Amino acid sequence: MVIYLKAGSELRHRLKPDIDYYTRRIKTDAGKTIKEVLIDLGINPALVAFVYTEGKVKSLDFIPSSGQSITLQPPVSGG
Amino acid sequence: MNNGIAGTSLRINLTIGEIERIESDEEVYRRWHGGRGVIAKILYDEVPRDADPFGPENIFIVNVGIMSGCFIPAGSKVEFGSVSPLTNGHGDSNMGGHLGPMLKFAGYDMIIFTGISPKPVYLYIDNDTIELRDASRYWGMGSLDCEKQLKKDLGEDFEIATIGPAGENGVLFSCITHDFGRQAGRTGQGAVMGSKKLKAIAVRGNRSIGVYDLESLKKQVMEIILRTKTHPNMEPWQKYGTSFFIKWSNDNAVLPAYNFQTTYFNDVGKIDGDQLVEQCLISHKACFGCWMNCGKYTKAVIPGKPIVHLEGPEYETIALCGSNLGMKDINHVAYINWMLDNLGMDTMSGGGVIAFAMECFERGLITEKDLEGHTLRWGSVDDVEHLLDMVARRRGIGEWFAGGSKRASEKIGGGSEKFAMHVKGQEMSGYDGRWSPGMLLSYMTADIGAHHNRSWTITVDIAEGRESVEGRAKIVVYLQHIRPLFDTWCICRLFWGEVDVTPEEIVESLNHITGWGVTVDEALRTSEMIWNLTRCHYIERNRDNGRAFDYPPSRSWEDKIPSGPGKGKGVTRDQIEQMLDEYYAARGWDKNGNPTREVLEDLGLVFAADNLEKLGFLGKPIPGGIPPVRGEKYKPKAF
């Protein structure tokens, strides 16, 4: 299935967007968690504070649906 | 002027009540870029090295920088500075809100307070009308209460900054509060205000600010606005602020718990961002010109206690007054936040000092007798409330803690110095550095004591390997140059640094405002110049090699993390020494941590080199010379 990951700042460099400035189209297996998808992409999940989709915060154990757009939120670098 | 500078500064001699208007010197701003930079230069030039931070010779400065109040997003900051009573060196701290822009709209770039008023006063500014007014009826009021009263007395359209009883009584980590929840928290600026009997600053202004090229600025700003409006990270920021990173810190073993004894808090789910939003949130709150609205206006509801309203708690306060104190209820964290705000104490140092006291109580180093018959148990909001009252009034043993954890540990002894979690007298921020060596180095080498905002490296440490210290020093140096530029230009790092605005774009805005034609490299050199000046100032005041002051408490290397994902991890003393050696080499300083003549002259600080030499603390020449460029950017991380 296809999902869309979006990221800004430090994470964007690691995500390597290909759709627009922030978004990368990802082919992945259904049932995988975001954490597993990140590992497949070579992105250390520890660099992602949480994910955000459809107006809600989710943990990295979240399992996305086909076509879903998910934002990767980096930790605040000094709050 | 058409360069972001309002044109007038004020010199106020509080001893004789004299107010002098002087022309703001554009050349000084061009060289030092305003805010923290101008403050550093004035403090270095004008405060005698043996001046008591609470004495009449200390200078208290308010500077609004160049970009604050101009037609840009988040141009909201105002910078305060003086010789810090907490660290005995250069001290600066800033806040958002609306005070800085309002001061510029009134026509003023800077206020320099000297002397000590014979009686409590507040500064009243209404465009051209400037008065020192009697503050005796406000003296003793809480910060938040005083702001409310002044708004009632003067008008809601005044912007007001206040201190609380803690600042009046000289608690060394006292803060300045504004807009019912924004603080200039660090380095004890509220205590210096209090020492001068200055209770508040109230400002109203309605002038415009001239800029060099308004059309280009507007065009650039609109592009940034439209782009950041749809930035994927903007909506979570707006909804949750910084509170949502507490769980991440816990999962990654950097969240301080029980006075930095460990880095994993089992009850983090009771005090995280979800709980703040579900239980406490009333509305979002924003600073001048910002729609990130990271501020959260909240209430704390605890049975048996009055319902209180506050802004917060944000990440640092949840960490340092939450997990660090063993608090298991977000309402309790919010209540402690409110107490500290109204009493006028920095929630970061406040949390650190309370936690230190709690561990002293746990170890039997202080007793119920010392605490007027009270206990001081982890997780007890009632015990914290009593201790804070003792500290704010400097009553009994509160006198010791009013000096911060460093001075308290010197009084208490019994090995407590090991777990007084400060560097140079200022308490650590809400991150434990034992499994984040770059973060520990950032604390060790920050000019104002342990503070995360100069340099934050946790994701660098995670990405590059948390067991290794190699290569961290150069990155810390770079971050210590780029991040304080926000405090120099008086703009908010959260907006300008977290949603993909580049350093080049920030400098472009600066140039549209000023016409200066600054490059990013020049800005970094200016920041490096400021950094070296504050280092020289610190060494000159404290009369020892710089290295002597750059160590964290020994818990940092003696105690491995005992629980959670970081169990067993920690740096060694050898690694700490290695990081310092690499840091000084990266800076062009000698092994004693003293700036060398070569680097100071390269930065145009010949006078500082001469002064260090006279005192015998000029850095020895480095074989092979200094690095031509100090600091190295870590590619994925701009700030």
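Here the protein sequences line up with chains Y and S, keeping their order.
Here our numbering is used: the first sequence runs in plain steps of one and ends on residue 79.
Here our numbering is used: the second sequence runs in plain steps of one and ends on residue 639.
Every residue, glycine too, gets a C-beta built ideally from N, C-alpha and C.
Remember, predicted model here, so these are calculated numbers, not experimental data.
| Check | Outcome |
| --- | --- |
| Can you give me the C-alpha to C-alpha distance between S:S405 and S:L86, rounded to a whole angstrom? | 10 Å |
| For a contact defined as C-beta to C-beta under 7 Å, what are the partners of S:A463 on chain Y? | N44 and L47 |
| Quick one: what does DSSP say S:S82 is sitting in, helix, strand or coil? | strand |
| Could you pull out every residue in the same chain whose Cβ sits closer than 7 Å to the Cβ of S:E131, ignoring the five residues on either side in sequence? | Y124 |
| Would you say S:N233 reaches chain Y, if we count a Cβ-Cβ gap shorter than 8 Å as a contact? | yes |
| With a cut-off of 8 Å on the beta carbons, I'd call S:D487 and S:E26 a contact; round off their distance for me. | So it is not a contact: roughly 20 Å between Cβ atoms. |
| I'd like the ranges of any beta strand (DSSP E) spanning at least 3 consecutive residues and lying wholly in the region 567-605 of chain S. | none |
| Would you call the CB atoms of S:W435 and S:G566 closer than 8 Å? | yes |
| By the three-class DSSP mapping on this structure, what secondary structure does S:F639 have? | coil |
| So is Y:Y52 in contact with chain S if we call contact Cβ pairs under 8 Å? | yes |
| Taking only beta-carbon atoms, is S:W496 less than 8 Å away from chain Y? | no |
| Which class does Y:K16 belong to by DSSP, given the choice of helix, strand or coil? | coil |
| Secondary structure at S:K633, three-state DSSP: helix, strand or coil? | coil |
| Bridge partners of S:T162, per DSSP? | S:T177 and S:A200 |
| For the candidate residues S:M579, S:F549, S:S556 and S:L365, whose alpha-carbon lies nearest to that of S:G415? | S:L365 |
| Where does the unbroken beta strand (DSSP E) through S:V308 begin, and where does it stop? | V308 to E311 |
| What whole-angstrom Cβ distance do S:P553 and S:M348 have, given they're in contact under 8 Å? | Not a contact, Cβ separation roughly 16 Å. |
| Where does Y:A30 land, buried or exposed, given buried means 16+ other C-beta within 10 angstroms? | exposed |
| Using the C-alpha atoms, what's the distance from S:D559 back to Y:V76? | 27 Å |
| Note down, in chain order, all residues in the region 3-14 of chain Y with a beta-carbon under 9 Å from any beta-carbon belonging to chain S. | K6, A7, G8, S9, E10, L11, R12, H13 and R14 |
| Using C-beta distances below 8 Å, list every residue in its chain close to S:P118, excluding the 5 sequence neighbours before and after it, in chain order. | T15 and K197 |
| Kindly list the residues whose CB is nearer than 6 Å to the CB of S:H386, restricted to its own chain and excluding five residues on each side of it in sequence; keep chain order. | H374 |
| Go ahead and label S:V308 buried or exposed: buried means 16 or more other beta carbons lie within 10 angstroms of its beta carbon, across all protein chains shown. | buried |
| Which of helix, strand or coil does DSSP assign to S:N2? | strand |
| Name the DSSP bridge partner or partners of S:L10? | S:R21 and S:I111 |
| Using the C-alpha atoms, what's the distance from S:D370 back to S:G497? | 46 Å |
| State whether the region 25-39 of chain S contacts the region 63-71 of chain Y, with contact taken as three or more CB pairs (one from each stretch) at a distance under 8 Å. | no |
| Using a C-beta to C-beta distance shorter than 7 Å, which residues of chain Y count as neighbours of S:N293? | Residues of chain Y passing the Cβ test: none, with the nearest at roughly 15 Å. |
| Can you list, in chain order, the residues of its chain with a C-beta nearer than 7 Å to that of S:V301? Leave out the 5 residues immediately preceding and following it. | I307 and N331 |
| Name the chain Y residues whose beta carbon is nearer than 8 Å to that of S:D550? | Going along chain Y, no residue has its Cβ under 8 Å from S:D550, so there is no contact; the nearest lies around 20 Å. |
| Can a CB atom of chain S be found closer than 8 Å to the CB of Y:V57? | yes |
| Could you tell me the boundaries of the alpha helix (DSSP H) in which S:E359 lies? | T347 to E362 |
| Select from S:P232, S:E399, S:K474 and S:P503 the residue whose C-alpha is nearest the C-alpha of Y:Y22. | S:P232 |
| Under DSSP, the beta strand (DSSP E) around Y:A7 begins and ends at which residues? | V2 to A7 |
| Which residues in chain S have a C-beta closer than 9 Å to the C-beta of Y:T71? List them in chain order. | P232, N233, E235 and P236 |
| Touching or not, the region 498-514 of chain S and the region 49-62 of chain S, by the rule of three or more beta carbon pairs under 8 Å? | no |
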